[in-house]
Amino acid sequence: MTGDVVLPDGDGLVVSYCFPPYADTAGIVAAKRVRELGRRVRVLSNAMDATRAVDRGLERIAGDLVTEDVTLATPTGFATWETIEPFAVAARARAATWLDGPGAPTWMYSRAQFAASNVAAALIAADRPGLTWVAEFSDPLSADVRGRVRRSPTDPGSAVADELRALLADAGVEVADTENGYELCEAVTFLRADRVLFTNDRQRAFMTGRCHDASLRTRLDEVGVVVPHPTLDRSFYALEKPVVTLEPGPVHVAYFGNLYANRGLEDLLDAFALLAPEERRRLRFHVFTARPQDVTDAAAARGVADVVRAAPALPYLEFLALSDTMDLLVVTDADTRSQGMPVNPFLPSKVSDYLGSSARIWAVVEEGSALSELDVALRTPVGHVTAAAVALARLAAGTGAVPRR
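For the sequence shown, the numbering used here gives the first residue as 153, with consecutive numbering after it.
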């Protein structure tokens, strides 16, 4: 993982609310962490059938390093205490049977999102003070993509919430809102984890700065460490055959992933619309996403349906294989500056997958973000349609083509 994270000898316990075979970024990154560590683990996760598709190819990421995988049949959801608490209680009970048995795990890894993972791990760590706990945050929990407070109200009379509050009170730690499960999760993790992983330095600064308690900020200076999302080795990009055959001639640009209000493709579609028809004929823009019809409709509305190819999101290994055939892979920053956020704490996890591909990266960046500092082939600013159009025109003319790695 990094030289700053030293684990004791022995097997590990992974607490990840979502884990393969369920198709979700949180579970994929957790599995990649397991592979990166190269250590045998037992996994506690939640049955996600109600909200996530099953992708059996994902099980190949951690592979035989997972010696036992227990999927808990607790309620499934993203942000409600009604789903966080049952998982935490069930995971704590199941972990106890492993920790009291032969070959007990000596260390634990958990990752939020989902918050339930770190809440469960906090309870387990409270029961086992000698268990080394490495906790990760993919993004801030208690702040949304606009920098506003994000809440997960705790249930009245919640035993788990009361225990988290007691852990904080016993340490003399104060939080701004003791009824917000997200704040409780962050604070207890900051207090009790032996290492807290952040995916970029802006995220670390943002989450540290939001700490209400000075002692937690001091502790994060001691235990917080920046560890980028892991990139799989090249062999994973050849495990499946590309599902799309690209026509020879055009420059093939692709975007893989979900689209959000503050992280979309409108600027790129507008940029294609600024090109002459003969320029567009030399380009193809492939978008693989959860709602491809939305992209198709947006392209048609701009008169660029001739260049855009939208399709459903692919299983993970098929995505890796197809990414290898593209010329440029697009990743976009979240637009945080227009929301008044002091720093952009987000770094899309797909960057780590793109970095392993033989294609080059086109980053649409916000000034000063972590993404803006990566070594990429092409970089244009968020919200700057003209800059994107100039880049596309150069690609179409052959003057902006980038060599493959």
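The C-beta atom is built at its ideal place from N, Cα and C for all residues, glycine as well.
These numbers come from a predicted model, not from an experiment.
Under DSSP, the alpha helix (DSSP H) around R354 begins and ends at which residues? 353-361
Helix, strand or coil: which one does DSSP assign to V396? coil
For G492, which beta-bridge partners are listed by DSSP? According to DSSP, which records beta bridges pairwise, G492 is partnered with nothing at all.
Cβ atoms of V157 and S269: under 9 Å apart, would you say? no
Helix, strand or coil, according to DSSP, for P464 in the structure here? strand
Cβ neighbours of F408 in the same chain (closer than 6 Å, five flanking residues each side left out): F440, F471
Leaving aside the five residues before and after R244 along the sequence, list all residues of the same chain whose C-beta is less than 8 Å from its C-beta, in chain order. A272, L275, I276, D279
Please state the DSSP three-state secondary structure of E374. helix
Exposed unless 16 or more other CB atoms sit within 10 angstroms - verdict on P281: exposed
Quick check for students: name the residue ranges of the alpha helix (DSSP H) that lie wholly in the segment 384-456, counting only runs of 4 or more. 418-425, 429-432, 444-453
Can you name the residues that DSSP bridges to M260? L165, W285
Near V517, which residues of its chain fall below 7 Å by C-beta distance, leaving aside the five closest residues on each side in sequence? D485, L523, S524, R531, P533, V534
Between V325, C170, R194, S367, which has its C-alpha nearest R204's C-alpha? C170
In this structure, how does DSSP classify A295 when only helix, strand and coil are distinguished? strand
Whole-Å CB distance - Y506 paired with V483, under 8 Å assumed: 6 Å
Less than 6 Å between C-beta atoms, sequence neighbours within five positions excluded: which residues of the same chain meet that for L316? L336, V340
Simplified DSSP assignment, three categories, for R212: helix
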